[in-house]
Each structure stands twice: as C-alpha cells, then as structure tokens.
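Chains A and B, in that order, are what the protein sequence lines are. Numbering of the first sequence is given in the UniProt record's numbering, commencing with residue 1 and proceeding in unit increments. Numbering of the second sequence is given in the UniProt record's numbering, commencing with residue 1 and proceeding in unit increments. Worksheet: one structure, shown below.
2 protein chains.
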Amino acid sequence: MSKITIQEIADLAGVNKATVSRVINGNRNISEKTRLKVEAIMKQHNYVPNSIARGLAFNKTFTVGFCSDYTDKRAFANPFFYKVLQGIEEIVYNHDHMFLMMSDHDHDNKKSQSTFERVVVEHRVDGLIIPNSLLNERNYELLVKHEMPYVVTGENMLSKDGVPWVDIDNVQAGQILTEHLIDLGCREIMIYAGGAAAERDKFIADRLKGYRKTMENHRLEVRIIEQAEVLKSLYGSESSESAVEGRPEALICCTHEQLFEILDFENGNPLLSEIALATFDDFPMSKYMKHPVHFVEVDLEMMGKAAASMLFSLMNKEPGVPKSVSIATRIGS
Amino acid sequence: MSKITIQEIADLAGVNKATVSRVINGNRNISEKTRLKVEAIMKQHNYVPNSIARGLAFNKTFTVGFCSDYTDKRAFANPFFYKVLQGIEEIVYNHDHMFLMMSDHDHDNKKSQSTFERVVVEHRVDGLIIPNSLLNERNYELLVKHEMPYVVTGENMLSKDGVPWVDIDNVQAGQILTEHLIDLGCREIMIYAGGAAAERDKFIADRLKGYRKTMENHRLEVRIIEQAEVLKSLYGSESSESAVEGRPEALICCTHEQLFEILDFENGNPLLSEIALATFDDFPMSKYMKHPVHFVEVDLEMMGKAAASMLFSLMNKEPGVPKSVSIATRIGS
DNA sequence: CTGAAAGCGCTAACAA
DNA sequence: TTGTTAGCGCTTTCAG
C-alpha cells in the first residue's frame, strides 16, 4: 500500500514525472491547468511523496531532533517538562518538518556510539536541540565537524563562544525568589548551592548570583551551604545552643534533587518543618505537600518555541541570529 | 564533512563499490584480505554509510517510533513514565535500530495531518509503539492500510481483534490494592470509577473488576462512585447524619486525575483527611504529601522491553508471536 | 511550460 | 570472490 510512486502519478496524469515533482514542490513554472490536473490525481490516490527518496535527492531529512538526557533529573523528573516539547513541536510543524525525540545519556564508555552520535554522524536530522548537560567537549566537536545546526537548552557550561542557547533567566529567577521570601517576612535566608555544582552548572551559579545580589541590596547576610550536612548538623540531635541560633528561616534549593534531599531529611526531623522551603523550576505539587514549597514559574512552552525558532534560523543560515535567549520567570503558586 | 561516499571508499581501496557494500553488510562471500583492506580504509576516513540512501535501497528506515499522547495524563503527568522509554530503547539499540519519539494528540480537526499520520503515511519508521489512547478507528485503519507493524501500550479499547498490546495487569492491580487496604484494616472501601470512563477505558473496567472480586471474596460491600460529587456530598457542609454514616474508610481512585480531583476537594474539607487514599501507577511523591496515598508499583522498564520485543517480532514476521502481554504489579511504598 | 536524462548513495541481481 | 549494471523514488539541470 502507498506503493504509489511519482511515476505512476505522472502516467495517470499523462505528464512527465518531472512535472509532478514541480507541482509537489510548488514550482511556479507550470500551467494552472496541468497543475490542477496533477493535484487532482494526487489527491484521488492519496499520493504522498516518499520522504526517504526526497531526502536523498535534497540531501535533507526535513526533520529536527530533540535529544533529552536520561540522567538530567531537572528535565524528566519534572512532569511539566513536556510543555517545552509542545512549544518546540508547534514551531516545527509550522515549518513543515518532523519532530523526532531521542534520549541519551552522557555515558563515558565509548564502547558503542551514543544515540546522539549516531544521529549526528548519520545525518538523521537537519538540526538538533539538546540539553546543556549533553554538550560536552566531545559532542561539541562532533556537531561542529558534521556542521550540524543545534541549539542548547540551558546555558552552556562549555567554555566555547558562539554556542547558541535558550534558557530561563536564572539570575532574575534567583532575585525574585529571594525577594518573595523577604516579602514573606524572612530575614535569615540560606541558599543550598553546592560549590562543585556551581562550578559545573552555570544555572546554579546564576541562581546564586541573583540570590546574593538581592540579599546584599537588603543588607541581609548571605549564607551559602554547599552540602546538606551543614544544614543537617544545625538540626541534628546533638544540636548545641549555637546550632539552634544558626537555623535559618528559609532555605532556597537550587535544584529539585537538593530539595528532595532536604525533604527526605525532614521526615526524621520535625524541627525542619519550621523552615520555609523554596526552589526553582515549576513545582506545582507544592500545594499537596506536607511541607509547601515556594517556587518560580517558567513559561516552558515559550522556551521551546524560542529554541525551535532559533534552530530554524540557524538551519536557514539567516544572518544576524541572536546567539542566546533568556526567558524571565515569575513566582508561582 | 562526512561527505565521503561508498564510491570514494571503493576507489581508495581499489575495489568496486559493490564490494564495499558487501563488507558493510557483512556478506560472507568476500576474501578476508579485501575485507580487511576495505575496513581499514573505512575506519581511516571514518566513513559512515548514508542512512537515507540505505533506507531508499532497502526500503526500510531502521527506525522504530514511539508516539506519546500529549493529552494522556496517565503518561506524561507521570514523571516515571520515562522508564518505559528506557526499556524500549534498550531493546531497540540491541537490534541496532534508531528510536524516535514523537508526540501527538488525538486532535479531531482533520485540517492538518497529525504527526502520527504523517509518520505512518510517509513510512518514516519501520514499526511503531503507540499508546492505547491514540488507537482510534481512524488510526487503526491507517496502520492496517499501510501495513505498519505496531504495538499498543495499554490494552486496546477498540473492538478489534488481533491488536497487539502490552499493559500492566489491571485486574491484578485492582486486587492487590484492595487487598492492601483490607490488610490495613479498612472495611468500607469505595472506588471512584466513572461509568462513562469505565466504558471508554478498558483499564478502568479492569481495575474495577479486581476491586469487585476482592471485595466480594471478603464479603465486603462494593461501593462504586462515578462522580466526585457523590463523595463530596458526603463531606459537604450540610452533611446529614446519614452522610456521616456513609463515609468510607478508604477510597481508590482509578486515575491520577481522579486522585487530584479528590485532593483538591480535600484542601477545603479537612474531614476528608481521615480517609485512606489509593491509586494506580507509581506515585512515589506520596511520602512528601500531606495526605499519603497508597499505590501500586509497576515495572515500567519491563513494560517497555516487552512492547519493543513484541514489535520486533512483528516486524520480522516471526510466527507465533503472542498478541498481548500483561505485567503483574505490586504494592509500592 | 514541459520532457528527457542524469544523479543523490546504496543494494542486489547477474555475470565473469 | 569480484565487477557490472540496474534500479530504489525523487529532484534538477538542460533542451525543446
């Protein structure tokens, strides 16, 4: 079925297949009459051009890929992650392309090619949207070498210039979240942002920066903890007088993992329930939780749209494409 | 880059491209000597056969697709849904295929083709795994017409024979969940399973069946509510004496949507907090919630593997392929 | 405006 | 064991 080829359509319409090809591709050099005739025949037999053959001739796939990272909790553990996809898809379909998702993990064992690698090397897509976490040195080289257009979601941590990315404005997010806690009356606000993590992940460094700036504006003390142990000791069983003194009114967790680490700790430490918790990325489960969590709301769909739009601009080699987009956030509820 | 073709490899190796093709495809009729030579040249130039061209020649894509349904809350709203994907991917890579995800929604407006339709009609994949919710009459016809092998996740609700599916054993799940609540000491156990929904969705009917069987075994009263209103009235402000009497000790919600409907209602009705809640599909957030939720644990990775394995069997036209797989569940924590 | 022919990169008979 | 020759289905010169 669907075996019907351009040649058969041509025969049926009594024209050459080149003519059929012209109507398929909207070539203007064609008489209204034959165009209509061919179109009718195509419709009648619901002919659909074979995309593989088309791809071979055009040396294109008419497909953009999205690679998600299995190990990226920030993405998949967030049930609202799919909104990004929705945004991407809308743009992709408007451009009459296919949207293909693949998943991958940054596996170090080079024994077998990663999905990502195969897709790039085999040119299975014309462009790629990948998460920050997948843009390591090796993958970067690969993309460049194969001249594969790409956009990164999440600001890149690679010290490369010119890597195009789309991300939420993490500095601003850090600011408004801190501002929100201050509005709530908190003064002693601590932030859980690992030193190593902040080095590795730009988004953590930025969130920290937003926090720091806000606290300093309000002349409040900046208190950063890098490991949960520090916090735990403040609430430990042998807590000294000074530990009790050191307890903050609020704690900002830079990632959901950090948040859950604290929440898990809390299950054995009712004292912790006094603290106001806050985190980034949508967290709509908050209202059902024992311990409510303040969070920042992100227009993820917009983020997806921005990424896809940027990708198409790159694919079309449009001049003057902005190399990055930051998306503002607001306090969620 | 990567422009290197089979012809150039052939020239470099001083052989015919057919010979190169033979080593690519592991043809046995080739001398060890030339095979090694060609392989060396290929490696040296990291030659990768163009998959598009290969696809055209083979009339295959070496790709299997997975279509997820945006509107299917049961899938995407569940952060652990990706485990299914992990299972699928493992099998797919073992078969040296690509795995491509697309998302779709059962949009009734026929104005534009759905992604699903395009993928099928254009033969972008050799086989497809799709959720139950996408297998409507129209899509079914399409798959059959285009002879596209497919497997459905979630038992099919279409009254078609021979639709291959993989699902959790929903009857068993209903049983163990009910059994679990009984073990906990509950006697008045109500189940929220919409009448219309149970008609439409086989999985609801099955869960209900498991509940019913267990309750009857224990000589307990089967109490089914089809709309949240019934329950709400039992807890409403003007609750009569009889309403209070009618309050169950436990409530089983057949879907997460139903569960959240109850949880949202609860926010204004502390009385409801007395009730034991239970639901299906993994719900690991339970331990962080104000109101803990009993749930059934599913080996989603296994489900993915089963679906993919079945698909490959179908693609290879293996004889005697079982038409369905039911996967047992256990109580989660 | 339309047709004929070459070719995209690879595979698969059929010969040699 | 290897080379030759057609295609796979479509696009795209280049003539007419």
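Each residue gets a CB set at the ideal place from its N, CA and C atoms; glycine is no exception.
Query, Result
"Proximal residues of chain B, C-beta to C-beta of Glu-122/A below 7 Å", "Val-48, Ser-51"
"Where the alpha helix (DSSP H) containing Tyr-211/B begins and where it ends", "202 to 217"
"Within the region 31 to 55 of chain B, ranges of the alpha helix (DSSP H) (whole runs, at least 4 residues)", "32 to 44"
"Glu-89/B at chain A interface by Cβ criterion, 8 Å", "yes"
"Length-filtered (4 minimum) alpha helix (DSSP H) runs lying within the region 103 to 166 of chain B", "115 to 121, 137 to 145"
"Chain-order list of residues whose beta-carbon lies under 8 Å from that of Asn-29/B (same chain, five-residue window excluded)", "Arg-22"
"Beta bridge counterpart(s) of Ile-252/A as assigned by DSSP", "Ile-191/A, Ala-278/A"
"Cα-Cα separation between Arg-223/A and Val-119/A, rounded to whole angstroms", "45 Å"
"Below-8 Å beta-carbon distance, Lys-317/A vs any chain B residue", "no"
"C-alpha gap between Arg-74/B and Gly-185/B, whole angstroms", "Caution applies to Arg-74/B, whose pLDDT of 46 falls short of 50 and renders its modelled position unreliable; the value that the coordinates give is listed next. When rounded, the distance between both Cα atoms is 29 Å."
"Contact belief for Ala-53/A with Leu-100/B at Cβ below 8 Å, rounded distance in angstroms", "Actually they do not touch by this definition, with Cβ atoms about 19 Å apart."
"First and last residue of the uninterrupted alpha helix (DSSP H) at Ile-182/B", "170 to 183"
"Proximity below 8 Å, CB of Phe-283/B to CB of Val-293/B", "yes"
"Candidates Pro-319/A, Thr-19/A, Leu-231/A, Tyr-82/A, of which the one nearest Ile-262/A by Cα", "Leu-231/A"
"Positions along the region 117 to 145 of chain B whose CB lies within less than 8 Å of some CB in chain A", "Arg-118, Val-119, Val-121, Glu-122, His-123, Arg-124, Lys-145"
"Residue-chain proximity (Ser-273/B, chain A), Cβ-Cβ < 8 Å", "no"
"Pair within 8 Å by beta-carbon distance, Leu-311/B and Gly-194/B", "no"
"Environment of His-97/A [buried if 16+ CB atoms lie within 10 Å]", "buried"
"Own chain residues within Cβ distance below 8 Å of Asn-316/B, not counting five before or after", "none"
"Neighbour flag for Arg-74/B against chain A, beta carbons, 8 Å", "The pLDDT assigned to Arg-74/B is 46, lower than 50, so where the model puts this residue is not dependable; a value taken from the coordinates is nonetheless given after this. For Arg-74/B, the answer is no, since every Cβ of chain A falls outside 8 Å of its Cβ."
"Through-space distance from Leu-85/A to Asn-132/A, alpha-carbon basis", "16 Å"
"Neighbour-count burial assignment, Gly-210/B, 16 or more Cβ in a 10 Å radius", "buried"
"Residue from Leu-142/B, Glu-257/B, Lys-60/B whose Cα sits closest to the Cα of Arg-124/B", "Lys-60/B"
"Assigned exposure category for Phe-58/A - 16 Cβ within 10 Å defines buried", "exposed"
"Under the three-state DSSP convention, the category Ile-4/B falls into", "coil"
"Collapsed DSSP secondary structure at Asp-96/B in the structure displayed", "coil"
"Buried versus exposed, by CB contacts within 10 Å (16 or more), Asp-281/B", "buried"
"Other residues of its chain near Asn-9/A: CB distance less than 8 Å, five sequence neighbours each side excluded", "A quick correction: the sequence has Ile, not Asn, at residue 9/A. Excluding positions up to five away in sequence, the list reads Lys-17, Val-20, Val-38, Ile-41, Met-42, His-45, Tyr-47."
"Closest by C-alpha distance to Asn-136/B, when choosing among Ile-191/B, Val-171/B, Ile-88/B, Asp-69/B", "Asp-69/B"
"Beta carbon proximity, Leu-311/B to chain A, threshold 8 Å", "no"
"Distance between beta carbons of Val-92/B and Ala-306/B, contact taken as under 8 Å", "That pair is no contact at about 13 Å."
"C-alpha distance - Tyr-235/A paired with Arg-200/B, whole-angstrom precision", "52 Å"
"Gln-7/A, buried or exposed, once every other Cβ within 10 Å from all chains shown has been counted against 16", "exposed"
"Exposure of Ser-103/B, with buried meaning 16 or more beta-carbon neighbours within 10 Å", "buried"
"Range covered by the beta strand (DSSP E) that runs through Val-325/A", "324 to 327"
"Among Phe-265/B, Leu-134/B, Leu-208/B, Glu-249/B, the one whose alpha carbon lies nearest that of Glu-229/B", "Phe-265/B"
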